[in-house]
Structures are given as structure tokens and as C-alpha cells.
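Structure record follows, encoded as C-alpha cells.
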């Protein structure tokens with residue numbers, strides 16, 4: 076998707092913050108392979124223009140994508156997709172894999188997988204996990 080310009084719709088009537096909506100839309104583009112492995116994302120300024128938001132908002136969304144292992148940033152080069160569908164486990168495969176995995180060193184802990192999984196769980200079970208208080 077080299078020269079294709081995409082306009083994004085970040086509905087303002089949702090309760091999510093702008094950077095969350097941008098993160099979700101970019102993640103969906105990556106997951107649906109609109110942005111393939113190795114593809115350079117549009118520049119921060121271009122994304123800012125397309126989404127109609129400030130650079131810090133774009134930077135926050137990109138940071139979330141980096142933390143979860145969808146993209147990597149190269150200084151003075153841009154952000155590149157590092158997600159590959161074939162490298163991801165299905166839900167059952169992930170559960171089995173996690174049961175079998177023993178992390179012996181902190182450096183080998185899969186932080187990007189943990190962050191992605193934690194966000195997914197929170198988005199699915201938000202009310203039961205972060206339920207309203209009793210008082």
C-alpha cells in the first residue's frame with residue numbers, strides 16, 4: 076500500500092480517547108493486511124493530517140502499536156509493520172503455549188504479547204474487571 080491515501084473516520088461520539096480510536100483503526104489496518112509486513116506507515120505528520128489530530132495524539136497511538144509488537148520505529152526512517160499473521164497463535168494455541176512456557180530470564184518475557192493480551196482482555200471484560208464500585 077505505497078501510494079494509497081486513506082482517510083480515517085474517528086467518530087467523536089465514542090467514549091474512547093482519540094489516541095485509542097486511532098490505535099484501533101491502525102491496528103485493524105494491520106490485522107486486515109492493508110499494511111503488510113515491512114510496509115512503512117505514513118509519517119506522523121501525514122497521519123496527523125489524515126486523522127485531524129495533534130502530533131502527540133498520533134505519537135501516543137504509535138507507541139501503543141510498538142508496545143504490542145505491531146510496528147517498529149526507525150529513527151529518521153519512520154514506522155514499519157512487523158506483525159505477521161502467520162506468527163500469531165489462535166486463542167487456544169496461545170493458551171496452550173502460555174501453559175508450557177517457563178520464563179527463566181526477564182529479558183525473554185514477551186512484553187508485547189502481554190500488553191496486547193491485557194488490552195484485549197480489558198476491552199472484552201471491561202465492566203467485570205473495572206466494574207463500578209459499591210459506594
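In my numbering, the protein residues as written are 76 to 210.
Think of the CB as a built atom: it goes at the ideal place given N, C-alpha and C, for glycine as much as any other residue.
Item                                                                                                                         : Value
Own chain partners of residue 129 with C-beta closer than 8 angstroms, once the 5 adjacent residues on each side are dropped : 123
Residues near residue 101 in its chain [Cβ-Cβ closer than 7 angstroms; skip 5 each side]                                     : 136 and 140
Candidates 194, 114 and 189, of which the one nearest residue 148 by Cα                                                      : 114
Whole-Å CB distance - residue 196 paired with residue 144, under 8 angstroms assumed                                         : Incorrect: roughly 16 angstroms between the Cβ atoms, too far for contact.
Residue 97 versus residue 108 - alpha carbon distance                                                                        : 16 angstroms
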